[in-house]
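Novice: Each step along the sequence shown adds one to the number in this note's numbering, with nothing skipped, and position 3 is 36.
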Amino acid sequence: MNKKLADKVAIVTGAMRGIGEAIALKLAREGAKVVVTDIDKEECEKVVEEIKQAGGDCFSLKLDVTNREDWEEAVRTVKERFGRIDILVNNAGIADVEELGDCSKIDKILDVNLKGTMLGYNVILPVMIDQKYGKVVNISSIAAMVSWSKIPTYSASKGGIIGLTKCYVGSLGQHNINVNAVAPGAIETKMLDDLLKKLGMSRELIIQAIPKGRIGEPKDIANAVAFLVSDEADYITGQVIVVDGGYTSM
Ligand SMILES: NC(=O)c1ccc[n+]([C@@H]2O[C@H](COP(=O)([O-])OP(=O)(O)OC[C@H]3O[C@@H](n4cnc5c(N)ncnc54)[C@H](O)[C@@H]3O)[C@@H](O)[C@H]2O)c1
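Here you go:
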């Protein structure tokens with residue numbers, strides 16, 4: 034049976050663990066050649082090994098999304114190894130708790146979550162325009178849509194990602210490029226664990242507010258991303274797909 038991403042080349046940022054890792058593994062299972070990137074290349078190797086053991090084609094790269102030179106180097110290397118870039122998943126992100134009046138974390142969070150995605154756009158979209166093909170998925174968050182007063186910069190950065198997702202859609206359609214966002218709810222990763230500890234919140238409290246009665250798993254997000262970057266989603270662009278077990282519908 035034909036795999037739905039056969040021969041496509043995908044770059045996933047922040048892919049050494051958590052949601053990014055699940056996305057890299059899923060895209061590889063669907064037949065894509067995957068470039069597993071993160072700030073720590075060594076940590077990406079276990080993901081690369083898992084993909085290779087399952088018969089996939091992939092390699093890892095150090096890509097700090099805040100560093101334009103890393104992005105440019107990534108384009109050179111991926112084009113050399115795989116010849117093209119069909120899919121970009123802007124997944125890398127950080128989160129932290131802030132009190133009103135504390136401005137010490139603003140630059141860092143905006144740098145990774147928002148500037149990182151914008152740099153990716155500026156470096157990768159021209160490649161996709163030349164190819165007349167591209168699928169981009171940006172990982173936002175339901176934090177952009179609800180009132181969580183302890184993570185203001187994170188929420189703003191994820192709202193910014195929704196703005197970015199929509200901004201180029203009008204001009205990219207003619208180049209056969211789709212850009213969408215996925216907005217996860219609470220997903221079981223190190224980021225969630227760290228945040229819950231800092232907030233002194235229990236998982237039970239969150240689960241009570243989720244109609245599906247469970248915290249999400251990274252694969253819940255990976256499944257949505259794999260659909261959006263496939264040609265089955267060719268007529269979907271400029272959209273934000275919420276994957277939150279129903280949390281925001283309550
Ligand atoms: N876990 C959740 O509940 C949740 C909910 C909504 C959205 N998200 C978003 O999903 C994405 C993945 O988060 P996660 O939960 O897997 O978190 P995580 O902390 O497990 O993984 C984040 C990854 O991003 C990488 N990263 C951090 N800074 C980077 C940089 N400058 N350059 C490249 N990579 C960098 C980290 O090394 C890590 O591998 C993030 O954008 C996050 O905001 C997560």
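C-beta: ideal position from N, C-alpha, C; glycine also.
Give me, in chain order, the residues of the same chain whose beta-carbon lies closer than 6 Å to that of Glu54; leave out the 5 immediate sequence neighbours on both sides.
Specialist: Excluding positions up to five away in sequence, the list reads Ala48 and Val80.
Novice: I'd like the span of the alpha helix (DSSP H) that includes Pro159, first residue to last.
Specialist: Counting along the chain, the alpha helix (DSSP H) containing Pro159 begins and ends at Gly149 to Gln164.
Novice: Between Lys223 and ligand 1, is there a pair consisting of the residue's CB and a ligand heavy atom that are separated by less than 7 Å?
Specialist: Lys223 Cβ: within cutoff of ligand 1.
Novice: When burial is assigned at 16 or more other CB atoms within 10 Å of the CB, is Asp267 buried or exposed?
Specialist: The residue is exposed, with fewer than 16 neighbouring Cβ atoms inside 10 Å.
Novice: Measure the alpha-carbon distance for Glu237 versus Val169 and round it to whole angstroms.
Specialist: So the alpha carbons of these two residues sit roughly 34 Å apart.
Novice: Rounded to whole angstroms, what is the Cα-Cα separation between Pro185 and Ile194?
Specialist: Near 14 Å, if we compare the C-alpha coordinates of Ile194 and Pro185.
Novice: Just the Cα atoms here: how many angstroms apart are Asn256 and Gly249?
Specialist: About 12 Å.
Novice: How about Glu131 and Lys191: are their beta carbons less than 8 Å apart?
Specialist: It is not a contact, given that the beta carbons lie outside the stated cut-off.
Novice: With DSSP as the reference, label Thr70 as helix, strand or coil.
Specialist: Thr70 falls in the strand class under three-state DSSP.
Novice: Do you know offhand how far Leu229's Cα is from Asn213's?
Specialist: So the two alpha carbons sit approximately 28 Å from each other.
Novice: Got a sec: does ligand 1 put a non-hydrogen atom nearer than 7 Å to the Cβ of Asn124?
Specialist: Indeed, a heavy atom of ligand 1 lies less than 7 Å from the Cβ.
Novice: Closest to Lys59 by CA distance: which of Ser282, Phe260 and Lys141 is it?
Specialist: The option with the nearest alpha carbon to Lys59 is Phe260.
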